[in-house]
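Q:
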Amino acid sequence: MFMRLFLFSILSLGAAFNAYAQSNYLEETVALESIYEMRARSVLNTFLRPHEYSVVVSAEIQQDPEKLKKYREDLDLRYLPGMPVPIDPQMAPANNVLHELKSRVEVTVVLNSSVSPEKEALIKKVLTSKLHIDESMGDSISIQRANLPSGDTPEKPQLLPELSWKMWALIILLSLLALAGLILVMNRRAQSQEPLPASASTNAIPPAPKGSSEELVEEREEDEFKIIDRLNKSRDQIYHLAVEYPQICTKALLEYFQEGHEEEVALLFETLGWETSRQLFDTLSPRVWGQVGHIVRERREQPAIDTYERAVSGAYQFLLSKVLEEGTYGDEKNPFQFLFKMPEKDLIRLLEKERPKNIALISLFSSTEQISGLLDHLDSKVQEQVILEASRLRSLPEKVVNSLASSLLSRLKQESTNKELRPDGPSVAANLMKALSPEKEFEIFDHLLKNNPEEAERLRRIRVQFVDIVRYPEEIVSEALEAFDADFLVKVLKGADEEARSIYLSLLPPKKARIVESDLSSSVIHFTPREIAESKRRFVNEVEQVLKRKKISLQEIWKQIDQSSEDDVTSVDFVA
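In the numbering used here, the protein residues as written are 1244 to 1819.
#1: What residue from Ile1414, Gly1381, Leu1496 and Val1352 has the CA that sits closest to lysine 1367's CA?
#2: Would you decide whether glutamine 1708 is buried or exposed? Buried here means 16 or more other CB atoms lie within 10 Å of its CB.
#3: Beta-carbon within less than 6 Å of lysine 1624's beta-carbon, same chain only, minus the 5 sequence neighbours each way: which residues are those?
#4: Taking all protein chains shown into account, do 16 or more other C-beta atoms lie within 10 angstroms of the C-beta of leucine 1419, making it buried, or fewer, making it exposed?
#5: From what residue to what residue does the alpha helix (DSSP H) around glutamine 1788 run?
#6: State the start and end residues of the unbroken beta strand (DSSP E) segment that holds valine 1298.
#7: Can you give the Cα-Cα distance for serine 1357 and aspartate 1549, rounded to whole angstroms?
#8: Give me, in chain order, the residues of the same chain whose beta-carbon lies closer than 7 Å to that of phenylalanine 1731; leave out the 5 immediate sequence neighbours on both sides.
#9: Could you tell me whether the stretch 1746–1763 touches the stretch 1782–1795, using the rule of 3 or more Cβ pairs below 8 Å?
#10: Which residue's Cα is closest to the Cα of leucine 1269: Ile1278, Val1298 and Ala1302?
#11: Mark leucine 1474 as exposed unless 16 or more other C-beta atoms lie within 10 angstroms of its C-beta, in which case mark it buried.
#12: Can you give the Cα-Cα distance for alanine 1451 and glutamine 1434, rounded to whole angstroms?
#13: In the DSSP output, which residue or residues are listed as bridge partners for glutamine 1501?
#14: Please classify serine 1680: does DSSP put it in a helix, a strand, or coil?
#15: Taking one C-beta from the stretch 1535–1545 and one from the stretch 1502–1509 each time, how about it: are there three or more such pairs within less than 8 Å?
#16: Leaving out the 5 sequence neighbours to the left and right, which residues in its chain are closer than 8 Å to isoleucine 1822 when beta-carbon positions are compared?
#17: Check whether the Cβ atoms of leucine 1523 and alanine 1485 lie closer than 8 Å to each other.
#18: Among residues of its own chain, excluding the 5 on either side of lysine 1677, which ones have a beta-carbon nearer than 8 Å to its beta-carbon?
#19: Okay, do the stretch 1553–1567 and the stretch 1524–1534 touch, 3+ Cβ pairs below 8 Å being the bar?
#20: What's the gap between the Cα of serine 1745 and the Cα of alanine 1756?
#21: Going by C-alpha distance, which of Val1300, Thr1272, Arg1292 and Glu1295 is nearest alanine 1283?
#22: Measuring CB atoms only, is the stretch 1404–1413 touching the stretch 1378–1393, in the sense that at least three cross pairs come out at less than 8 Å?
#23: Is glutamate 1682 closer than 8 Å to arginine 1773 when the C-beta atoms are compared?
#24: Can you give me the C-alpha to C-alpha distance between valine 1427 and alanine 1421, rounded to a whole angstrom?
#25: Just how far apart, CA to CA, sit serine 1407 and glycine 1424?
#26: Give me the Cβ distance between leucine 1511 and valine 1566, rounded to the nearest whole Å; I'm assuming they're in contact under 8 Å.
#27: For isoleucine 1775 versus lysine 1737, is the C-beta distance shorter than 8 Å?
#28: Less than 7 Å between C-beta atoms, sequence neighbours within five positions excluded: which residues of the same chain meet that for leucine 1748?
#29: Between isoleucine 1384 and serine 1346, is the Cβ-Cβ spacing less than 8 Å?
#30: Report all residues from its chain with a CB closer than 6 Å to the CB of asparagine 1355; omit the five preceding and five following residues, and keep chain order.
#31: Can you find the residues in the same chain that come closer than 8 Å, C-beta to C-beta, to leucine 1797, ignoring five residues on each side of it along the sequence?
#32: Roughly how many angstroms lie between the CA atoms of valine 1710 and aspartate 1479, to the nearest whole one?
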């Protein structure tokens, strides 16, 4: 009898201990399943709507008391007072021990019957990559089909209250009054109209069908809503891809841009938002952003909504293909990424004293657009040495790459602390003069011409000055003169010397030139110095706009002027 009681006690203690151990591991199992479910849903939300799928995760963990104790200690440290709480629960340090406890995981995805088989295969492939499913360890993913309920729940119709006998009486009375009024109006209209002749009645044009225009408007609105819906889906999917795979997406977008899809990329940035695009694709070269800005500036009319949808959809398909092709093992890592976020001038100054071998090493981690922009500013001999060093690269230890990246980063920090400002003095002075009143601007420049001709020479090559316009090419001056009427040109030429007047008048049409010349010689017409100065500034601004439209820089104009001056001097020496 005593032996039976002893054996029963031992079995009861063993069963209790086993139940206690299983209850201890239940919390960790649920936490691991929650992490995998969150990752699976982040992938499925990229391709499907929430009501088009359902996901169930079942995980098993190893019953290791030591690892369990370590996990709980790390979990307790996470909630100590004063310790920062991670924004993303999946990034908690304790989850590293939790993943070590994992024995196997099963992911079951139930898709709606309307989901295409191609999308099903794509979802399974991306889930396997995202969740790091290893079938050799017992992990598995299974996809089932079912008719899932739609996300829209029908609203219950509201029941009308029952009508009392008083309400029915009022309805009948109002109906009779409305019928009597309608009969009275029809009788008066029939009496006021005369009968039409037989010829007019036979040749009457049948009325157009009612509601045809309204139906067309409704169809157009419905189509537009569908286009906007597709546009928003493609935009959100591109955003998720760029956040998950920033390096691959930036490289793919640059390739898409270089293939001739500049307009599509500009529309994509406009749809995402310019600030968001800058943050998502921050390693794109300044040349790309400059070309995109030029496209937006030269656009004459706003594109239609379907144009935006086609551009964003095409960009999404291209980025997705590159992510599936290159993102199997995660995003690329570029140790020199900080270099291409710098302004181009700072990058050139940082690398101008770098060895060609190191520049060749950096080119391995940069796009063709980025390295070409860097090589363009190097000496031809240095370019040849960089190409030669790049051709010699065979194998490279990762330690060498990280060492070079750390060295460049430390130099960049040192230069930023000892940074020198190198302002462009003449440009600053030209902007300051432009901020003054027109009278003061011309007065200061005339004073510089007399007392400091060297500084005046620098200023006239930075910004258009009125006294120099007469020396500009005739086609530029003529186009600027055509923008103003005769009265305005009289103000501009008032006070100018005879030689300048004759040049300007020779560039005007004959009739307009005679009117301006007559008003200039008249003693009755007078203008204040302020009016003359304001007119001259407007004329200067118009000349600058002409140069901008023709895409001619002021430096090119002065090269022509200097060349013509040298030719004149040479011809005079030859005659002498």
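Even glycine gets a Cβ: it sits at the ideal position worked out from N, Cα and C. Since this is a predicted model, take the numbers as computed values, not measurements.
A: The structure says:
#1: As a position in the sequence shown, residue 1367 is number 124, starting the count at 1. Checking every option, the nearest Cα to that of lysine 1367 belongs to Val1352.
#2: The count along the sequence shown starts at 1 and reaches residue 1708 at position 465. It is buried - the Cβ of glutamine 1708 has at least 16 other Cβ atoms within 10 Å.
#3: The count along the sequence shown starts at 1 and reaches residue 1624 at position 381. Nothing listed; no residue qualifies.
#4: Sequence index remark: in the sequence shown, residue 1419 carries index 176 (1-based). Looking at its Cβ environment, which holds fewer than 16 other Cβ atoms inside 10 Å, leucine 1419 is exposed.
#5: On the sequence shown, position 545 is the one that residue 1788 refers to. Taken as a continuous stretch (DSSP letters only), the alpha helix (DSSP H) holding glutamine 1788 covers 1772–1792.
#6: Counted from its first residue, the sequence shown places residue 1298 at position 55. Unbroken beta strand (DSSP E) run through valine 1298: 1296–1304.
#7: Against the sequence shown, residue 1357 aligns to sequence position 114. Against the sequence shown, residue 1549 aligns to sequence position 306. Their Cα atoms are separated by approximately 25 Å.
#8: In the sequence shown, residue 1731 corresponds to position 488, counting from 1. Result list for phenylalanine 1731: Ser1778, in chain order.
#9: no
#10: Here residue 1269 refers to the residue found at position 26 when the sequence shown is read from its first residue. Among Ile1278, Val1298 and Ala1302, the Cα nearest to that of leucine 1269 belongs to Ala1302.
#11: One-based indexing of the sequence shown puts residue 1474 at position 231. Leucine 1474 should be labelled buried.
#12: In the sequence shown, residue 1451 corresponds to position 208, counting from 1. In the sequence shown, residue 1434 corresponds to position 191, counting from 1. Only weak support is given to the placement of alanine 1451: the predicted model assigns it a pLDDT of 47, under 50, and the question is left unresolved by the model.
#13: Along the sequence shown, one-based indexing puts residue 1501 at 258. Answer by DSSP bridge pairing: none, since glutamine 1501 is not bridged.
#14: The count along the sequence shown starts at 1 and reaches residue 1680 at position 437. Reduced to three states, the DSSP call for serine 1680 is coil.
#15: yes
#16: Nothing in the structure corresponds to residue 1822, since the chain is present only between 1244 and 1819.
#17: Here residue 1523 refers to the residue found at position 280 when the sequence shown is read from its first residue. Here residue 1485 refers to the residue found at position 242 when the sequence shown is read from its first residue. Yes, the pair counts as a contact, with Cβ atoms nearer than the cut-off.
#18: Translated into positions along the sequence shown, residue 1677 becomes position 434. Cβ within range, chain order: Glu1684 and Arg1706.
#19: no
#20: Here the question's residue 1745 lines up with position 502 in the sequence shown. Here the question's residue 1756 lines up with position 513 in the sequence shown. Cα to Cα, the separation comes out at about 10 Å.
#21: Numbered from 1 along the sequence shown, position 40 holds the residue referred to as residue 1283. Looking at the Cα atoms, Val1300 is the closest of the given residues.
#22: Taking a cut-off of 8 Å on C-beta distances, the stretch 1404–1413 does not touch the stretch 1378–1393, as fewer than three cross pairs fall below it.
#23: The count along the sequence shown starts at 1 and reaches residue 1773 at position 530. The count along the sequence shown starts at 1 and reaches residue 1682 at position 439. Contact flag set, yes.
#24: Along the sequence shown, read from residue 1 onward, the residue named residue 1427 stands at position 184. Along the sequence shown, read from residue 1 onward, the residue named residue 1421 stands at position 178. One point to set straight first is that residue 1427 is leucine, not valine, in the sequence displayed. The alpha-carbon separation between leucine 1427 and alanine 1421 amounts to approximately 10 Å.
#25: As a first step, residue 1407 is located in the sequence shown; it is residue number 164 there, counting from the start. As a first step, residue 1424 is located in the sequence shown; it is residue number 181 there, counting from the start. Using only the alpha carbons, I get a separation of about 26 Å.
#26: The sequence position of residue 1511 within the sequence shown is 268, counting from 1. The sequence position of residue 1566 within the sequence shown is 323, counting from 1. Separation of the CB atoms of leucine 1511 and valine 1566 is rounded to 16 Å, and the pair is thereby denied contact status at 8 Å.
#27: Indexing the sequence shown from 1 puts residue 1775 at position 532. Indexing the sequence shown from 1 puts residue 1737 at position 494. In this structure, lysine 1737 lies closer than 8 Å to isoleucine 1775 by Cβ.
#28: Residue 1748 sits at position 505 when you count from the first residue of the sequence shown. So the list reads Ala1756, Val1759 and Glu1760, once near-sequence residues are dropped.
#29: Stepping through the sequence shown from its first residue, residue 1384 is reached at position 141. Stepping through the sequence shown from its first residue, residue 1346 is reached at position 103. No, these two residues do not count as a Cβ contact at 8 Å.
#30: As a working mapping, residue 1355 is identified with position 112 in the sequence shown. Excluding sequence neighbours, asparagine 1355 sits near Glu1295 and Leu1391.
#31: On the sequence shown, position 554 is the one that residue 1797 refers to. Taken in chain order, the residues that qualify are Arg1704, Ile1705, Arg1706, Val1707 and Leu1790.
#32: One-based indexing of the sequence shown puts residue 1710 at position 467. One-based indexing of the sequence shown puts residue 1479 at position 236. Answer to the nearest angstrom: the Cα atoms are 56 Å apart.
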